[in-house]
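Engineer: Below: one structure in structure tokens.
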Amino acid sequence: MSVQRRVASAVPNPAGASASLAKNNAARWKTGLTVAPPAQNEAGFFELTPTAGTGRIPVSHADPAHASVVQILSFRPGETVPRLAGTGVFVAEDLLVTAAHVIFDPSEEVFGSQRMGYAGMVVLQSEVLRILPAVRQTQRIVAAPGYTQDGDPSFDLAVIQLNDPVGAAQAVRPHAAAGDKLVGMHVNVYGYPQLSSRMFSGSGSCIAHDRGLIFHTADVTEGQSGGAVMAEAGNTWRFVGLHRAGPAETPRTLPQSSGAVRFTPAGLKWIADMGENL
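For the sequence shown, our numbering gives the first residue as -4, with consecutive numbering after it.
Below, the structure written as structure tokens:
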């Protein structure tokens, strides 16, 4: 099944939009989501309840939207201790996006322009999806072209294709937005800190942007890398990026902020292409 069909069928439509809306959503995904969705397609985005107050808090209620965010534990074949741990987000029932540094070990080989992860086992855990933890083999893991461990942080993006779909997963559609449009918006960051089995949400504001990165004041910690960054636009929360780094790794001029990879039209097209070609 093509990624546009999988994404269109996996994204819930809480407002009961028509079949033609779903068709439009699929067509927009196929073309790479190069433009912001028109107003009539707003129902295609998750609507999350804003987090009250500030700071990092447990996400204790089973909002269906949270089922798109899972903990990723990555294992080498034959090993029982995870090499890497972080957070990922379903964009289709068998396709996740995450930060590349979550699933790439610096010792891994480089094949041409695509840096490959070890095609081993991943364990996906979710506080919301009670059927998990789910164990899956990875079909393929690919980092964004241009990603290197010490290179441009705006390329810190990867996709993971699973060998078997997680049928209960709720996919969320990524959204490209200009950095200057996001500055000043309220943001929530969802993820699984360290090896915690509980999802946490940090609440804050987007305060700056630089090329493919945005910087926000939401409280986050190690392990939430690859987690969903949601920006509030009116009454809708849009999936606009992936958490990447905490305050220790952000510019000195922004000492109290954390960094996230912002989705760009080119990045979304790459994700869609990977879903087709993996």
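Beta carbons: idealized from backbone N, C-alpha and C, even for Gly.
#1: Would R193 be called buried (16 or more neighbouring beta carbons within 10 Å of its own) or exposed?
#2: Which residues bound the alpha helix (DSSP H) around D151?
#3: Helix, strand or coil: which one does DSSP assign to P33?
#4: In terms of residue numbering, what span does the alpha helix (DSSP H) encompassing A95 cover?
#5: Going by C-alpha distance, which of P188, F150, P169, I202 is nearest H181?
#6: Mapping DSSP to helix, strand and coil, what is G199?
#7: Among all the DSSP beta bridges, which residues are the ones paired with S253?
#8: Just the C-alpha distance for V184 and K264, rounded to the nearest angstrom, thanks.
#9: Can you give the beta carbon distance from S220 to T133, rounded, assuming they're within the 8 Å contact cut?
#10: Quick check: what's the CA-CA separation for F258 versus F234?
#11: Does DSSP put E271 in a helix, a strand or coil?
#12: Does A261 come out as helix, strand or coil in the three-state DSSP assignment?
#13: Helix, strand or coil for L68 per DSSP?
#14: Can you grab the Cα-Cα spacing for the pair A226 / A240, in whole Å?
#15: Provide the residue span of the alpha helix (DSSP H) that contains G174, from first to last.
#16: Based on the DSSP secondary-structure assignment, which residues constitute the bridge partners of H170?
#17: Would you tell me roughly how many angstroms separate the C-alpha atoms of R206 and R131, rounded to the nearest one?
#18: Have a look at the DSSP bridge pairing and note the partners of T82.
#19: Checking 8 Å against the spacing of the C-beta atoms, do A62 and Q165 come in under that value?
#20: Under 8 Å between the Cβ atoms of L237 and V256?
#21: Expressed to the nearest angstrom, what Euclidean distance is found between the alpha-carbon atoms of A87 and I155?
#22: Considering only the alpha carbon of each residue, which of A138, F85, I67 lies closest to L79?
#23: Check each candidate in V84, Q144, F85, V65 and name the one with the smallest Cα separation from A95.
Structural biologist: Per the coordinate set shown:
#1: Under this definition R193 is an exposed residue.
#2: Looking at the DSSP string, D151 is not in any alpha helix (DSSP H), and its letter there is neither H nor E.
#3: Here P33 scores only 25 on pLDDT, less than 50, and its place in the model should not be relied on; the value that follows carries that caveat. Correct three-state label for P33: coil.
#4: From DSSP, the alpha helix (DSSP H) with A95 extends over 95 to 98.
#5: Nearest of P188, F150, P169, I202 to H181, Cα basis: I202.
#6: G199: strand per DSSP, three-state reduction.
#7: Bridge partners of S253: H211.
#8: The straight-line gap from Cα to Cα measures roughly 23 Å.
#9: Contact between S220 and T133 fails: their C-beta atoms lie close to 18 Å from each other, not under 8 Å.
#10: A straight line joining the alpha-carbon of F258 with that of F234 spans about 9 Å.
#11: Three-state result, E271: helix.
#12: A261: helix per DSSP, three-state reduction.
#13: Residue state, collapsed to three classes: strand.
#14: As the crow flies, the alpha-carbon of A226 is around 17 Å from that of A240.
#15: Unbroken alpha helix (DSSP H) run through G174: 174 to 177.
#16: Answer is none; H170 lacks a bridge partner.
#17: Between R206 and R131, the C-alpha separation is close to 35 Å.
#18: Within the DSSP secondary-structure output, T82 pairs in a beta bridge with Q66.
#19: Going by C-beta atoms, A62 is nearer than 8 Å to Q165.
#20: Yes.
#21: A direct Cα-to-Cα measurement between A87 and I155 gives close to 11 Å.
#22: For the options A138, F85, I67, the alpha carbon positioned closest to that of L79 is the one of I67.
#23: Distances from the CA of A95 to each of V84, Q144, F85, V65 were compared; the closest alpha carbon is that of Q144.
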